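Peer 1: Going down the list, the sequences are from chains A and B. At position 249 of the first sequence the residue is numbered 318 (our numbering), and the sequence of numbers has no breaks. At position 179 of the second sequence the residue is numbered 264 (our numbering), and the sequence of numbers has no breaks. Where is the CB? At the ideal position from N, CA and C, for every residue including glycine. Treat the numbers as computed from the prediction; the structure is a model and nothing was measured.
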Amino acid sequence: MSRRKTERLLSLVVCLLSTRRYLTAEQIRRAVAGYPEQPEAFKRMFERDKEELRELGIPLETGSLSPMDGEDIGYRVQQQVYELPELRLEADEAAVLGLAARVWRHAELAGAAAGALLKLRAAGIDTDHPDAGADVRQGIEPRVHTTEPAFGPLWQAVRDRRPVTFAYRAAGRSEPQTRELEPWGVVNRHGRWYVAGRDRGRDAVRVFRLTRIEGDVRFSGPARSVTVPAGTDVREVVRTWDSVPPRENTAVLRVRAGAGYGLRRYATGPGDADSSPPGWDTICVPYSDVGWFADHVASFGADVIVTGPPDLRDAVIRKLKGVLA
Amino acid sequence: MSPQAATSAERLQRLLALVPYVVSRKAVGLAETAAAFGLSERELVDDLNLLWCVELRNPDPYCPIDLSYEGGEIVVSQAETIGRPLRLAVDEASALLVALRMLADVPGLQDRSALSRLIAKLETAAGEAAAPSAQVAVQVDKPDGDHAIAQIRAALERKRRVHLQYYVPGRDEATQRDVDPMRLLVVEGRTYLEGWCRRADGVRLFRLDRVLGIDVLDVPASVPGDAQPVDIDQGLFRPSADDVHVTIEVSAAGRWVAEYYPCESVEELADGWIRIGLRTPDTRWVRRLALRLGEDGRITAPEDLRARVRDDAAAALAAYASA
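Written as structure tokens, this is what we have:
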């Protein structure tokens, strides 16, 4: 960190904010201390400084000095575009604000949340209000993690509306495939991150799980080149993709007494009690996909035996034989 | 953001917040301000001196910022154009708005009206920068009905012990236990009760969607003074030294295992198979996992666990042969 550079950048911000008219680079060089005399060196340093201000979100405007003269470019920052608008919060609002900023702690947007909080404090808001609401008082602690490395670049791509490419290993596939996606949004569902958008290769809406993305996510086009169709609700897109089909089948299961709670919870009713041997219960459980449900039933081992239907019974027996294979 | 590590840009960002921080409070103590910005008082004074030194040279030299910190109290008498904070950047507005909308989704929340008012105010203040936040969402799972969460909220408010009937899927058991509630955690979209479990004599987390039944008891909660809350930023599940090391190999069809369970290592093998290393205090759930995987998984260590899984499968097949 260089103190002189910080001073120069700060002077530059104040200088650009204090002018209504556009200032030429030369006027700026004369007003702001710390720029070199040599024109080439100044130009390079000024370019870098402008870039740094833009990265901080300072709305640096470029315009021509007079309508007659398109040649001469000038710079300024408009006060009302720069400033955070007036914002007044009630005590209970300020209290939940502190709660919200903690959500991202140690996750990808932690720095952004801290930066936002700093600006709001700078606007006169006290986030550590003693008169906190019940949720804060009772120790509600919300957290979101972003351990998937793909989260950062995908969020940037969504934010800047840029297409991306990545290697993706779909469920059950042994080799990853390259996909090109126009990302519409990222959604966390059941604790997992997904990205939804238009898959360019397949020309269709697709949802990808971030843990299955391998290697780097690369931008494959410029900013603002992706259009999210009007009315798109990314939460809905992910929910539809992830939803369980209706449970149209019913299994009849024999469950050992004191076991099988993971299935008993979903039982629609007892089966024929008379047919159960002592120490066993018979229950009926609805399911949708026979493959998935057979895996689930197999996990209970000798505590749960399928009475019917036959295809489910066979699938479980096949599964168990696979263990011995 | 310590000044040693901060870049010029980061320090500039801090200075642009520091001036309005003082201006909006008229006058504020050095110590309080240093704490708010995570600085030592010396570092803060260095920032104030830097601000005071800023000078514009043209057309006429002048100092845009005037301030003093005599007697430990900061007063900014002239702040020129940087008396208000910079508006929120897209990332900043999104971080807050996504978090607030997630909070609004938490079942049983009491400050819901404060949340919706705050969301509306921030959306207005952020303006265009608020738009991309609609493209990020965190969904909170809703356990069946709001009953359990309402009971827990009541127990927390009145500092009462609860009785839980709690399902442990790894062992396929419905357990009964008395718990002294500590906190309600919402991590990765799932809601947990953190409490002192009197059966385990320790701090435990209970996932609300696995609570089969709950009663608030007419007994005051008594959490031991030395009970350590779970450090949720380190991950909810941490291995301990007594754990069993398990190695399990799964086919491409079983790769989901690496996504669902906390693994210590994942190693690529041929034909899409992977080798997963994990540690667990209780291997019963691993046996159940191995049965579920069938031919798509094989435990390679420890040997006795592998043998038990084969016994489990053989016992189940024997039951089918006779039923």
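(1) Please state the DSSP three-state secondary structure of Tyr345(B).
(2) Just to make sure I have the definition right: I need the residues of chain B whose C-beta is within less than 9 Å of the C-beta of Gly331(A). Which are they?
(3) If we count the other Cβ atoms within 10 Å of its Cβ and call it buried at 16 or more, is Val304(B) buried or exposed?
(4) Nearest to Thr260(B) by CA position, among Ala285(B), Ser153(B), Thr276(B), Gly123(B), is which residue?
(5) Go ahead and pull the three-state DSSP assignment for Ala164(B).
(6) Contact defined as beta carbons within less than 8 Å: I believe Trp173(A) pairs with Val227(A). What is the distance between those atoms, to the nearest angstrom?
(7) Any residues in the segment 127–154 of chain B with a beta carbon nearer than 7 Å to a beta carbon of chain A? Which ones, in chain order?
(8) Can you tell me which of Pro347(A), Arg278(A), Val297(A) puts its alpha carbon nearest to the alpha carbon of Glu344(B)?
(9) Can a CB atom of chain B be found closer than 8 Å to the CB of Val359(A)?
(10) Under 7 Å Cβ-Cβ, which residues of chain B neighbour Thr280(A)?
(11) How many Å lie between Ala112(B) and Glu249(A) at the Cα?
(12) Taking only beta carbons into account, state which residues of the segment 378–389 of chain B come closer than 7 Å to chain A, listed in chain order.
(13) Are three or more beta carbon pairs between the segment 150–162 of chain A and the segment 106–124 of chain A nearer than 8 Å?
(14) Does any residue of chain A have a CB that is nearer than 8 Å to the CB of Arg364(B)?
(15) What is the rounded straight-line gap between the Cα of Arg258(A) and the Cα of Pro314(B)?
(16) Glu210(A) and Leu374(B) - do their beta-carbons sit closer together than 8 Å?
(17) By how many angstroms is the C-alpha of Glu251(A) removed from the C-alpha of Arg293(A)?
(18) Spell out whether any CB of chain A is found under 8 Å from the CB atom of Glu177(B).
(19) Taking CB distances under 8 Å as the criterion, tell me whether Asp328(B) reaches chain A.
(20) Going residue by residue through the segment 216–240 of chain B, where are the continuous alpha helix (DSSP H) segments of at least 4 residues, counting only ones entirely within it?
(21) Checking contacts by CB at 8 Å: is Tyr356(A) closer than that to chain B?
(22) Exposed or buried, which one is Ile150(B) when buried takes at least 16 other CB atoms within 10 Å?
(23) Closest by CA to Asp311(A), which one among Gly126(A), Lys188(A), Tyr263(A), Leu79(A)?
(24) Between which two residues does the beta strand (DSSP E) holding Trp173(A) run?
(25) Name the residue from Ile352(A), Arg316(A), Ala320(A), Asp285(A) whose alpha carbon lies nearest to the alpha carbon of Arg333(A).
(26) For Lys227(B), decide whether its Cβ has a neighbour in chain A, counting only Cβ atoms nearer than 8 Å.
(27) Confirm, please, whether the CB-CB distance from Gly370(A) to Ala400(B) is below 8 Å.
(28) Using the DSSP secondary-structure output, state which residues sit across from Ser312(A) in a beta bridge.
(29) Cα separation between Glu208(B) and Leu133(B)?
(30) Touching or not, the segment 173–180 of chain B and the segment 137–148 of chain B, by the rule of three or more beta carbon pairs under 8 Å?
(31) Could you tell me how far apart the beta carbons of Arg364(B) and Glu352(B) are, in whole angstroms, since I believe they sit closer than 8 Å?
(32) Curious, which full-length alpha helix (DSSP H) runs of at least 4 residues does the segment 101–152 of chain B contain?
(33) I'd like the span of the alpha helix (DSSP H) that includes Gly360(A), first residue to last.
(34) Spatial neighbours of Val233(A) within its chain, please: CB distance less than 8 Å, with the 5 preceding and 5 following residues excluded, ordered by chain position.
(35) Can a CB atom of chain B be found closer than 8 Å to the CB of Gly391(A)?
(36) Where Arg99(B) and Val107(B) are concerned, what is the direct C-alpha to C-alpha distance, given to the nearest angstrom?
Peer 2: Well, looking at it:
(1) helix
(2) Tyr252, Pro254, Asp257
(3) exposed
(4) Ala285(B)
(5) coil
(6) Between Val227(A) and Trp173(A) the Cβ distance is about 16 Å, and since that is not below 8 Å, they are no contact.
(7) Leu135, Cys138, Val139, Glu140, Leu141, Arg142, Asn143, Pro149
(8) Arg278(A)
(9) no
(10) Glu344
(11) 55 Å
(12) Gly379, Glu380
(13) no
(14) no
(15) 26 Å
(16) no
(17) 11 Å
(18) yes
(19) no
(20) none
(21) no
(22) buried
(23) Tyr263(A)
(24) Taken as a continuous stretch (DSSP letters only), Trp173(A) belongs to no beta strand (DSSP E), as it is neither H nor E.
(25) Ile352(A)
(26) no
(27) yes
(28) Answer is none; Ser312(A) lacks a bridge partner.
(29) 32 Å
(30) no
(31) The Cβ separation is near 16 Å, so there is no contact.
(32) 115–122, 126–138
(33) 359–367
(34) Pro222, Leu223, Ala226, Glu249, Leu250, Pro252, Val286, Arg287, Phe288, Ser289
(35) yes
(36) 12 Å
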